[in-house]
Structures are given as structure tokens and as C-alpha cells.
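Student: Residue numbers (this note's numbering): 509 to 1236. Just so you know, even glycine gets a beta-carbon here, dropped at the ideal spot from N, CA and C. The structure follows.
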């Protein structure tokens, strides 16, 4: 195929025999011209032969950041033994936050692919967990969590301060209105006094309406600002975390999205609708938890007791009844709310997986399979919601029953007390209205229990994110050196284990030295640690033991953001965004840092300029979500151009040409060799035909360097590399 046309067809033998044919040329481009292949005897030891055998096994990509479903996943398996930590794959290109000034640079997208991969879970004993400091975030005190969030939103203090007096005045007017209603019961016909009282009452209603509107407005503005503050703070905190943070199951994209969007929305709802009940809790000295309802209840009860203590006590029986039913609802409701939040996170996580892998799901006709998984995932959520509804319905019914029972009791005993001259009709009405006024505030609070439970759980989740232990690799920090690097690399006795699987050694006292300007290749069996070496050089992770030096600077001492500007990687699966081709090439750079001429020059080196020039809009062509409008090879060449335009000191290529056809691969390989002359280049390769011209080859087996040398030296040695070339 060439440009959408069939240029040759036929059996492989016929096409191979056709001199000057396209197929013959592609075949020859892939060949390794080694003088003597089969006749030579290998010098491999039995242990090396066993390690080499791993090289030819089908490569397994381990699931990344997904929930371990206790069932067979699409195209994969799931093994569960004891306490689980997911085995993850780190052979991928890492995503950095864009810093371009273009307005569209804010459109951040990420790829999350797990379908068709294998999840393996391994046993971790409590001793190992303690040894490696494996911790999960604990629960914070619920209402302290709410306070911590509100107190951190300093920009909202002015609006909150404006809302407080209007809310208090509102409560006062409620009370005055009730007193006026009582005072309006005339003992005799006094039209003038009734007119005055009515006029004052009307004026107070108008003023109350104004302050009601202002209070609601200020509280709503505070709630909106508070919600945005939480989302931005959480997002920034998450962006500061290292790669190990996102390897954990609890920090999958679906769960993080749930926390940023849904949890902040739950808190925003409580801020807007219930903050007037909680304002005294915010401003009260020593942070005592005395909501508005306590003040109102105290005033109402004292006033009613002063008028007639017997009737006041009788009318106050409704409060314990309300309290008992609501205690049951709070206790059970909070428990069910935690269950619902957890199941909602699981459902959101599954939807994220499915939407990110829709093409694979359709290709294997797995729609019904994932529909059934989603149905099973929603069942626990539905059960929790039903239990919550049953409890709420029971409490609601009990409340109304108690209310009507109390009305009947007060009417009966009120009549008895009136007949015995223990209370007048006027005093009876005052006591009933005062206690009912307090009951109205109390009912507002107890009616908010459901929302308060949601806000309580949401606050715990948000605070857990904000209190996550600081990562030693902070890409947004200003600390660290910014030396001009020549490009030499030294790894001294480096050992490494991924934090999520601390019992699995990846690198074992590895020693590796690369001179500045050298072109180096890493080869070896799958899972031997090649991609982990690249991750450590970029400081995506920190070695468990040993040190990595760039020139004479330890990578721990170099500013992470600066380090990733001068050490650039291109992975197997390029990450492109829904921008133009130009924006994707200059992604992460300011507009004044790169010219259009430099972008075109980088595209020429990556062998993509001719293709771009043929497009109607050229470099301003939108490439769609994840570069969906481009082929795999075109996406990879744009990623290579993105790396080249930065003029890095060190260029890291993790199977960067694997997605290219033979012709493009040869052209790009020559271009990379040319670009590599101005920088240190390290590439991982499974196609050994692409690394014959490098300065040095390191053979990595079981996390250590087994062989090193150039192509000719390693062939002469007849070791692991020789066996690999024989089977290529």
C-alpha cells in the first residue's frame, strides 16, 4: 500500500523475487546483514539462555490505574492473592502540564488505556507494608474537615462577612414578625393601634425581603467562589504529585474526576442552601459547634418558660422526638452515603475506562460484556440508595406523626389549663407560637441532614486529597539547580522498585555510563527494566537505592521542570491533543521560545513536513482528540518533531519508531541520528536493525547490565546480543 493505493500484490515469494520491487525493498530494509548466522556456536551460559528466553515471549502490558474487577476483563485476566497492589506498566509517555500562552493550550486531555491488558495482584504482608511505608489516607474529623476548607478560602471572607449580618437580621425579623403576630391579638377595638402595628409589620416585611435577597446573594457568591477555590486547589495539588501517586488504584482518573467535580459540587450545595444555619459555627470563638438553631431554640424556650413553664415544657416534647429520629438518620445516612460515594467512584472509573477504549471494545464486540459489568457495578449503589430512601421515609413519617400527636396533646392540655385558669388564651398562643418558631428553625436543620451527610463525606475526600503527603518530585516547585547540561549520564548502583509493587525488584544495582553526545541503545528481555531506566533519568521516579547523575549533578538536585525541558522523551504511544499540528509540536513551550522556521525544521527532521504541507490548512490543521485524524506513524513523527524542536541535551526514545513503516522508519532513523549528533541519545529497541549504528549497546537482563559494547563487539562476543540478532 502507498498513499491509499495497492502498488503490489501476490505471494511473498513472488514479491521477494521481483527485482526493484517495493516489497523487496521493505524486506531488505529490515534485514540484519550478519556475515554468518546459523553456523556459529553461542557462548551463552545456561542462566543467560534462560533470561534470553523471556525476550521471545509474547509481551504483556500490565493494566495501569484501573480497578481490579473480580471477573475476567476484556481480553485479559485477573489474579487475586491476599492484599493487593496492582502490577503496572510504565512503558508510556508521561504527560506534562502545558505552559503555552495560547488560549487553547488550556485544553488538557489524557489517554487512559487498560482494555485488553492483564491485571496481576500480589500478596503484601503487613511487615512489608510497614517496611515500605505503604499508607492509605485516613479519615479526617468530619466537621473539622469542613472548617479547614472554609477557613482556607480567604478570598470569600468579605462575602461571608456580608452574609453574616444579613442572616442575623433575617432571624431577628422572623422573631419580631412572630411577636407582632402575637401583639396583634386585640383586647378591644383599637383601629388606630392596629393600623400602626400593621404599617410597622409591613415595613419590617419589606426590609426583611431586601435583606433576605442580599443574604442569599452573598451566600451564593461565597458558595460559587468556594467551589472554584476547592477545584483549583485540588487540581493543583494533584498536578504536583509524582507518577507513583497515579499508579495507585485509589487515584485512577475516574476517582480523581469524581473528587474534583462531584465532591466540590456537594459542598457548594451545602454552602448555598444551608450556610445560614451554620454561620455561627464558623465565627464562634474556639470553633465551638453552636449552629444558629441553638441560639434560636434557647431564646424561644426561655421566653416560653417565662410566660408559662408547664405549657412550654409540654410543647418542647417535639424537640427530643425530632432529635431521636434524626440521630438514627444521621448515623445510618452517613454510613450509606460512604457506600454510595465509593460505588459512584467505581462506576465513574469504569465509564472512564470504557470511553477511553471504545475502538477496542467495538473491535472485539465487548459492548454487552461491559454493559453487564456496569450493571453489576450499579447494583450496590442502587441497594445503598434504596436503604437510604427507606430510612428517610421512616424518619419523615415519624416526624409528621409526632407533630400531629403533639398538636392534639397541646390542644387537650391547653383546654384543661384554661378551664383551671392556669393560662389565658393569649399566653397559650404566645407559648405555642414561640415554640413553633424554634421548631421551624430546628426542622430546617434536621431536614438538611441528607445534604449535611453528603457534605461531610465530600469534605473528608477533599481534605484527604489536600493533605496527601508531599511528593519528593514536585514538577511545579521553584527549588533546585538549573545547570547547563552537556548530556553525560551516570547511574551508580541503582536499585529500583515501583512504590505500588515494592516486593518486585525492577533494577538491581545497575551501573551505566554514557558520555555526552553518545548514541546509546538499551536492549533486553521484556520487563528487564529498560523503560524504568528512562523514567529514572527523567526523574519521574526516585531510585530505591543508588544515584543518577547528569554531568556531575545528581538528578535529585536539579529542578524537575527544568530537567524535563532538557531531557525529552518520545514513547511508544505518542500523546497528542485536540490542538493544531503547530500547537502539538510546540506543546509545553511559550510562543516566544520557538519560531515557525524552527517548527518546520523539526518537522523536516521527523519526515512529516511534506505530509503537513499537503494539508489544506497546513500546520494550522486540527488533528482531533488524541490525534484521531492521523495515522499511527504520522502521530509518532509529530511527537518526534515535538522532541527535536526543544533541542534537548538528552533525547530518550522508547521504541519511538515502532509505529512507523519501514520506509518512514529508515528516514526517521537517519534523521534521529543526525539530530542525535547535537545531543545524547538513548533509545530502547526491539527491532535490532535500527540500532546497528549506535556508539554503544547495553544489554539489560534482570535489572542489570549483562553486556555492553558496539554492534561488532557484541556480535564477536557471541553472547546474549548475538543470540538476539540470530533470531531477529
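Exposed or buried, residue 548, counting other C-beta atoms within 10 Å across all chains shown (16 or more means buried)?
Tutor: Reading the chain shown from its first residue, position 40 is the one you call residue 548. Low per-residue confidence applies at residue 548: pLDDT is 49, beneath 50, and the placement is therefore not dependable enough to give any value.
Student: If you follow the beta strand (DSSP E) that residue 1081 is in, where does it begin and where does it stop?
Tutor: For this step, residue 1081 is matched to residue 573 along the chain shown. Judged by DSSP secondary structure, residue 1081 falls outside any beta strand (DSSP E); it is assigned neither H nor E.
Student: Whole angstroms is fine: what's the gap from residue 1250's alpha carbon to residue 854's?
Tutor: A query on residue 1250 cannot be resolved here, the shown segment of the chain reaching from 509 to 1236 and no further.
Student: Going by alpha carbons, who is nearest to residue 836 out of 851, 870, 902, 824?
Tutor: In the chain shown, counting from the first residue as 1, residue 836 sits at position 328. Per the Cα distances, 902.
Student: Tell me which same chain residues have a C-beta within less than 6 Å of the C-beta of residue 1001, skipping the five on either side of it?
Tutor: Start at 1 with the first residue of the chain shown, and residue 1001 comes out as number 493. Cβ within range, chain order: 1017, 1054.
Student: Could you tell me whether the Cβ atoms of residue 1110 and residue 1149 are closer together than 8 Å?
Tutor: Here the question's residue 1110 lines up with position 602 in the chain shown. Here the question's residue 1149 lines up with position 641 in the chain shown. It is a contact, given that the beta carbons lie within the stated cut-off.
Student: In the stretch 1025-1053, which residue ranges form an unbroken beta strand (DSSP E) of at least 3 residues, counting only runs that do not cross its ends?
Tutor: 1027-1031
Student: I'd like the list of long-range same chain contacts for residue 852, defined as Cβ closer than 8 Å, with 5 residues on each side in sequence excluded.
Tutor: Locating residue 852 in the chain shown gives position 344, counting from the first residue. Cβ within range, chain order: 766, 770, 889.
Student: To the nearest angstrom, how far is the alpha carbon of residue 533 from that of residue 755?
Tutor: Indexing the chain shown from 1 puts residue 533 at position 25. Indexing the chain shown from 1 puts residue 755 at position 247. Roughly 43 Å separates the two Cα atoms.
Student: What is the DSSP secondary structure of residue 1008, counted as helix, strand or coil?
Tutor: Start at 1 with the first residue of the chain shown, and residue 1008 comes out as number 500. It is coil, neither helix nor strand.
Student: Are there any heavy atoms of the ligand HEM lying less than 7 Å away from the beta-carbon of residue 1188, as far as the coordinates show?
Tutor: Absence of the ligand HEM is noted for the structure shown, with no ligands found whatsoever.
Student: Going by beta-carbon coordinates alone, are residue 1015 and residue 1037 separated by less than 8 Å?
Tutor: Numbered from its first residue, the chain shown carries residue 1015 at position 507. Numbered from its first residue, the chain shown carries residue 1037 at position 529. Yes, Cβ-Cβ distance for residue 1015 and residue 1037 is below 8 Å.
Student: Just to confirm my understanding: we take residue 847, look at its own chain, exclude 5 residues before and 5 after, and list those with CB closer than 6 Å. What are they?
Tutor: Against the chain shown, residue 847 aligns to sequence position 339. Cβ within range, chain order: 892.
Student: Determine the direct distance from the alpha carbon of residue 910 to that of residue 625, and round the result to whole angstroms.
Tutor: Here residue 625 is taken as the residue at index 117 of the chain shown, counted from 1. Here residue 910 is taken as the residue at index 402 of the chain shown, counted from 1. The predicted position of residue 625 is uncertain, since its pLDDT is 33 and thus under 50; a value taken from the coordinates is nonetheless stated next. Cα to Cα, the separation comes out at about 58 Å.
Student: Can you give the Cα-Cα distance for residue 1156 and residue 1076, rounded to whole angstroms?
Tutor: As a first step, residue 1156 is located in the chain shown; it is residue number 648 there, counting from the start. As a first step, residue 1076 is located in the chain shown; it is residue number 568 there, counting from the start. Approximately 6 Å, taken between the alpha carbons.
Student: Across the stretch 1082-1090 and the stretch 1115-1129, are there enough close Cβ pairs to call them in contact, namely three or more that are closer than 8 Å?
Tutor: yes
Student: Could you tell me if residue 1201 is buried or exposed, where buried requires 16 or more neighbouring beta carbons within 10 angstroms of its beta carbon?
Tutor: Locating residue 1201 in the chain shown gives position 693, counting from the first residue. Exposed, because fewer than 16 other Cβ atoms sit within 10 Å of the Cβ of residue 1201.
Student: Figure out for me which residue from 523, 934, 1153, 717 has the closest Cα to the Cα of residue 812.
Tutor: One-based indexing of the chain shown puts residue 812 at position 304. Per the Cα distances, 934.
Student: How is the alpha helix (DSSP H) around residue 1149 delimited, first residue to last?
Tutor: For the purposes of this step, residue 1149 is taken as the residue at position 641 of the chain shown. Run containing residue 1149: 1140-1152, per the alpha helix (DSSP H) assignment.
Student: With 16 other CB atoms within 10 Å as the buried threshold, where does residue 908 fall?
Tutor: Position 400 of the chain shown holds residue 908. Answer is exposed; the Cβ neighbour count stays below 16.
Student: From 1217, 1224, 1074, 1141, pick the residue whose C-alpha is nearest to that of residue 1151; which is it?
Tutor: The count along the chain shown starts at 1 and reaches residue 1151 at position 643. Of the listed residues, the one whose Cα sits closest to residue 1151 is 1074.
Student: For residue 918, count neighbouring C-beta atoms within 10 Å of its own C-beta (all shown protein chains included) and say buried if the count is 16 or more, exposed if not.
Tutor: As a position in the chain shown, residue 918 is number 410, starting the count at 1. Using a 10 angstroms sphere on the CB of residue 918, the tally of other CB atoms reaches 16 or more, which defines it as buried.
Student: Keeping to the same chain, check which residues put their C-beta closer than 7 Å to that of residue 921; ignore five residues upstream and five downstream.
Tutor: To locate residue 921, count along the chain shown from 1; it is residue 413. Excluding residues within five positions, the ones whose Cβ falls inside 7 Å are 822.
Student: Rounded C-beta distance between residue 1032 and residue 1209? I'm assuming under 8 Å.
Tutor: Counting from one through the chain shown, the residue named residue 1032 turns up at place 524. Counting from one through the chain shown, the residue named residue 1209 turns up at place 701. At roughly 5 Å, the Cβ-Cβ gap stays under 8 Å, so residue 1032 and residue 1209 are in contact.
Student: Can the beta-carbon of residue 1216 be found less than 8 Å from the beta-carbon of residue 1225?
Tutor: To locate residue 1216, count along the chain shown from 1; it is residue 708. To locate residue 1225, count along the chain shown from 1; it is residue 717. In this structure, residue 1225 does not lie closer than 8 Å to residue 1216 by Cβ.
Student: So, at 6 Å on beta carbons, what are the nonlocal neighbours of residue 748 in its own chain, with the 5 sequence-adjacent residues on each side left out?
Tutor: Taking the chain shown and counting its residues from 1, the one referred to as residue 748 is at position 240. Once the five neighbours on either side are set aside, the close Cβ partners of residue 748 are 982, 984.
Student: DSSP state of residue 1003, grouped into three classes?
Tutor: By one-based count along the chain shown, residue 1003 stands at place 495. Three-state result, residue 1003: strand.
Student: Apart from the five residues on each side of it in sequence, which residues of its chain come closer than 7 Å, Cβ to Cβ, to residue 1051?
Tutor: Position 543 of the chain shown, counted from the start, is the residue given in the question as residue 1051. Correct list, in chain order: 1002, 1003, 1004, 1044.
Student: Who are the Cβ neighbours of residue 750 in its own chain at under 6 Å, not counting the five residues just before and after it?
Tutor: Locating residue 750 in the chain shown gives position 242, where the first residue counts as 1. Around residue 750: 979, 981.
Student: As a quick exercise: from 763, 940, 867, pick the residue whose alpha carbon is nearest that of residue 857.
Tutor: Counting from 1 along the chain shown, the entry for residue 857 is found at position 349. Of all alpha-carbon atoms in 763, 940, 867, the one lying nearest the alpha-carbon of residue 857 is that of 763.
Student: Taking only three categories from DSSP, how would you classify residue 998?
Tutor: Looking up residue 998 in the chain shown gives position 490. Reduced to three states, the DSSP call for residue 998 is strand.
Student: Are the CB atoms of residue 973 and residue 746 nearer to each other than 8 Å?
Tutor: Taking the first residue of the chain shown as position 1, residue 973 is located at position 465. Taking the first residue of the chain shown as position 1, residue 746 is located at position 238. In this structure, residue 746 lies closer than 8 Å to residue 973 by Cβ.
Student: With a threshold of 16 other CB atoms inside 10 Å of the CB of residue 1118, please say whether the residue is buried or exposed.
Tutor: The count along the chain shown starts at 1 and reaches residue 1118 at position 610. By the 10 Å Cβ count, residue 1118 comes out exposed.
Student: Closer than 6 Å by C-beta to residue 1138: which residues in its own chain qualify, once you throw out the five before and the five after it? Chain order, please.
Tutor: Taking the chain shown and counting its residues from 1, one reaches residue 1138 at position 630. Result list for residue 1138: 1131, in chain order.
Student: I'd like the span of the beta strand (DSSP E) that includes residue 1206, first residue to last.
Tutor: Here the question's residue 1206 lines up with position 698 in the chain shown. Per DSSP, residue 1206 belongs to the beta strand (DSSP E) from 1204-1209.
Student: Check the DSSP bridge columns for residue 1189 and list the partner residues they point to.
Tutor: To locate residue 1189, count along the chain shown from 1; it is residue 681. In the DSSP output, where bridge partners are listed per residue, residue 1189 has 1027, 1159.
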